[in-house]
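S.K.:
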Amino acid sequence: MRYLMLVLSTPEDPELRPEDAEGAPPIEQWVARHYGSGAAVLGDRLRPPDDAVGVRVRGSRVLVTDGPFSETKEAIGGFDVIEADDLDTAIAIASEHPMAHAGAIELRPVWPLNLDES
Numbered sequence: 258m259r260y261l262m263l264v265l266s267t268p269e270d271p272e273l274r275p276e277d278a279e280g281a282p283p284i285e286q287w288v289a290r291h292y293g294s295g296a297a298v299l300g301d302r303l304r305p306p307d308d309a310v311g312v313r314v315r316g317s318r319v320l321v322t323d324g325p326f327s328e329t330k331e332a333i334g335g336f337d338v339i340e341a342d343d344l345d346t347a348i349a350i351a352s353e354h355p356m357a358h359a360g361a362i363e364l365r366p367v368w369p370l371n372l373d374e375s
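Given below as structure tokens:
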């Protein structure tokens, strides 16, 4: 099963302690392990929220707004798509990511559209 890992910065997390981030493994180690094994199949960093645009359609108008649309304090800093046999395996992979120590990982199962099926 595929899972989307949203890599989040959480600067206002009251439970985040400096020593948590200090114990994080280097990202290169996580990439080598999980991309090297084939468990991670796609991923990248994202530009900062200030570079984002929001796109909405209301009626027949396309509305574009500068910056992030949401009011959240968390920012999505990147993403990875992983393959895992089950949720427990996906959680184990996500827990090894450096941002699980210094921010947060939102893990979501992919819900295939199955467009190929007739």
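Counting from 258, one number per residue, gives the positions in the sequence shown under our numbering. Each residue gets a CB set at the ideal place from its N, CA and C atoms; glycine is no exception.
So, are the CB atoms of M356 and I362 less than 8 Å apart?
M.R.: Yes, these two residues count as a Cβ contact at 8 Å.
S.K.: Would you mind reading off the limits of the beta strand (DSSP E) that contains G311?
M.R.: Note, G311: beta strand (DSSP E), V310 to R315.
S.K.: Note down the Cα distance separating G295 from I348, rounded to an integer number of angstroms.
M.R.: Distance between the alpha carbons of G295 and I348 is about 16 Å.
S.K.: Is A297 closer than 8 Å to A359 when the C-beta atoms are compared?
M.R.: Their beta carbons are not under 8 Å apart, which means A359 does not touch A297 by this criterion.
S.K.: So D301 and G335 are in contact, right, with Cβ under 8 Å, and what is the actual spacing, rounded?
M.R.: Indeed, because the Cβ distance is near 6 Å, the residues count as touching under 8 Å.
S.K.: Considering only C-alpha positions, which residue in the set R315, G316, S317 and V321 is nearest to A309?
M.R.: With distances taken between Cα atoms, A309 lies closest to V321.
S.K.: Quick check: what's the CA-CA separation for A341 versus R290?
M.R.: Near 14 Å, if we compare the C-alpha coordinates of R290 and A341.
S.K.: Bridge partners for V264 per DSSP, in chain order?
M.R.: According to DSSP, which records beta bridges pairwise, V264 is partnered with G335 and I362.
S.K.: Please classify M258 as buried or exposed, where buried requires at least 16 other C-beta atoms within 10 Å of its C-beta.
M.R.: So M258 counts as exposed.
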